[in-house]
Structures are given as structure tokens and as C-alpha cells.
Amino acid sequence: MLEILRDQRRTVRVRARDRTEIGCLVSLETEPDAPLTEPPSFALRDVWFQLRGCAEEGAAILFVRKGRLDTLELYNWTDPWPDSPSLAGSGYLVARPRGPEGEPVAYELERIEERDPAYLEEQIRGSDRPEEA
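Structural data, given as C-alpha cells:
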């Protein structure tokens with residue numbers, strides 16, 4: 038799966054870049070003959086980053102739609118998005134269940150050194166989100 042996304046990344050073009058108060062949305066376009074992912078739609082949510090001049094870290098979500106890189110969402114949880122963002126650090130996140138046994142499942146994001154293959158698979162299969170009660 039990641040190899041297909043890396044192949045698409047080599048020739049991806051930015052269609053649009055829309056800034057928000059706390060981040061930006063980058064619309065992507067891949068080559069028509071690029072290999073497609075299976076499943077065709079999912080979101081990878083396991084990357085954090087720290088921008089210079091921002092007190093809090095942010096996160097990135099990569100949306101894949103119809104088997105293609107579609108949108109990259111970057112957001113900073115509390116600070117305004119800088120005019121000229123500069124990366125100070127980055128890494129991976131994993132969602133860990135928390136809360137009392139028998140209660141509805143809540144998740145807490147935890148920083149990790151290396152990408153967690155099991156969590157990556159959960160994101161690709163769409164099971165990283167708690168079910169609605």
C-alpha cells in the first residue's frame with residue numbers, strides 16, 4: 038500500500054492550496070495511469086509535526102479517494118497557522134484506547150518513534166474510529 042502511495046507521490050501535482058486559521062488543505066492530483074490503492078478510500082492520521090514559533094504540535098491527515106492521493110490536511114491544534122511555516126520536528130502517532138473497562142471506548146493519541154504497522158492497517162481498513170453510540 039505505501040509503495041503505491043510513494044509511486045503516486047513521485048508525480049503528484051498540487052491542484053489547490055487553501056489556508057485556514059489553523060492550517061491548510063492541499064488538493065492533490067495524480068497521473069491518470071498511476072497505480073491505484075486497494076481499498077480505494079481511507080485516511081492516514083498518524084503523523085504529528087511541530088512548527089517553529091508554535092507552542093503546540095499539529096497533525097497531518099492524508100486522504101486517499103478512488104485509489105489516489107486526494108487531499109493533505111495540515112492543522113495546528115491551538116496556534117494560528119504561520120505565514121511561512123517551518124518544520125521543527127515530526128513523527129508518528131498511534132491511537133491507544135483509554136478509559137474504564139466497560140465504558141464506551143475513547144482514544145488518546147500517543148507519540149511513537151516508528152510507524153506502528155497495526156495502527157497503519159487499522160487506518161487503511163477504516164477501523165481506527167470508535168463506533169458511534
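For the sequence shown, this note's numbering begins at 38 and goes up steadily by one.
Beta carbons are placed, not taken as given, at the ideal position from N, Cα and C, and that holds for glycine.
DSSP-derived helix/strand/coil call for residue i
i: Asp-70; result: coil
i: Phe-79; result: strand
i: Arg-54; result: strand
Nonlocal neighbours in the same chain, by C-beta distance under 7 Å from residue i, ignoring five residues either side
i: Arg-52; result: Ser-64, Leu-65, Glu-66
i: Gly-90; result: Pro-119
i: Leu-249; result: In the structure displayed, the chain extends from 38 to 170; residue 249 sits before or after that span and is not available.
Cβ shell of residue i (< 6 Å), same chain only, five flanking positions each side left out
i: Ile-98; result: Ala-80, Arg-82, Glu-110
i: Glu-106; result: Reading off the sequence shown, one finds Leu at residue 106, where the question assumed Glu. Around Leu-106: Gln-45, Val-49, Leu-65, Thr-67.
i: Gly-126; result: Gln-87
i: Phe-100; result: Ala-80, Asp-107, Thr-108
i: Ala-71; result: Gln-45
i: Arg-166; result: Here the model assigns Arg-166 a pLDDT of 41, short of 50, so the residue's position is not dependable, and the following value carries that caveat. Once the five neighbours on either side are set aside, Arg-166 has no close Cβ partner at all.
Residue i - partner residues in DSSP beta bridges
i: Leu-39; result: In DSSP, Leu-39 forms no bridge with anything.
i: Gln-87; result: Gly-126
Assumed close pair residue i, residue j - CB separation to whole angstroms, cut-off 8 Å
i: Glu-147; j: Leu-130; result: 7 Å
Close-in-space but distant-in-sequence residues of the same chain around residue i (CB under 8 Å, 5 per side omitted)
i: Pro-117; result: Glu-58, Ile-59
Checklist entry - Taking only runs of the alpha helix (DSSP H) that begin and end inside the segment 89-169, which ones reach a length of at least 4 residues, in chain order? => result 154-162
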